Amino acid sequence: MSDRFQEDDCYCGNCHKPLGEKDKFCPYCGTKRGEGKFDPFDNEITCVYGPPVTVKYKCKACGNKWTVNTLGGDNSKYCPECGKSPITKISEEFGMF
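In terms of the working numbering, the sequence shown is residues 2 to 98.
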């Protein structure tokens with residue numbers, strides 16, 4: 002297995018956002034894992050100040066619940082299990098991971 006394949010498997014082939022280990026669909030754009038153009042892109046790092054955020058979601062279509070730990074908020078719009086939208090934000094907590 003090449004390094005390129007492993008890298009592609011960890012990121013969405015459409016929007017290039019990182020995917021969770023068990024995500025079947027991108028939670029940011031809804032693209033199925035392994036699909037998309039995988040076009041070259043600039044990998045930028047943003048410096049964010051403030052406390053970490055834990056956001057809990059629930060899918061209205063399949064009932065899947067998941068948690069995202071992030072800095073600077075989260076822009077999930079699609080269920081990582083079924084790829085559908087809309088999703089519901091259950092809670093958002095600031096503090097320690």
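Every residue gets a Cβ at the ideal spot worked out from N, C-alpha and C, and that includes glycine. Note that the structure is predicted; figures quoted are calculated from it, not measured.
* Starting from T71, follow the beta strand (DSSP E) in both directions and report where the run begins and ends. => Against the sequence shown, residue 71 aligns to sequence position 70. In the DSSP assignment, T71 falls within the beta strand (DSSP E) that extends over K66 to L72.
* **Secondary structure of C11, DSSP reduced to three states** => Position 10 of the sequence shown holds residue 11. DSSP places C11 in helix when its eight states are reduced to three.
* Asked: Are the Cβ atoms of K57 and T68 separated by less than 8 Å?
  -> For the purposes of this step, residue 57 is taken as the residue at position 56 of the sequence shown. For the purposes of this step, residue 68 is taken as the residue at position 67 of the sequence shown. Against a cut-off of 8 Å, the Cβ pair of T68 and K57 comes out as a contact.
* Among K59, T89, P81 and P52, which has the Cα closest to the Cα of P19? -> As a first step, residue 19 must be located in the sequence shown, where it is residue number 18. Of the candidates K59, T89, P81 and P52, the one whose C-alpha sits nearest the C-alpha of P19 is P81.
* To do: Between the Cα of E84 and those of A62, F95 and E94, spot the shortest distance and give me the residue it belongs to.
  => The residue given as residue 84 occupies position 83 in the sequence shown. The question names Glu, yet the displayed sequence has Gly at residue 84. If we check each option's Cα against that of G84, A62 comes out closest.
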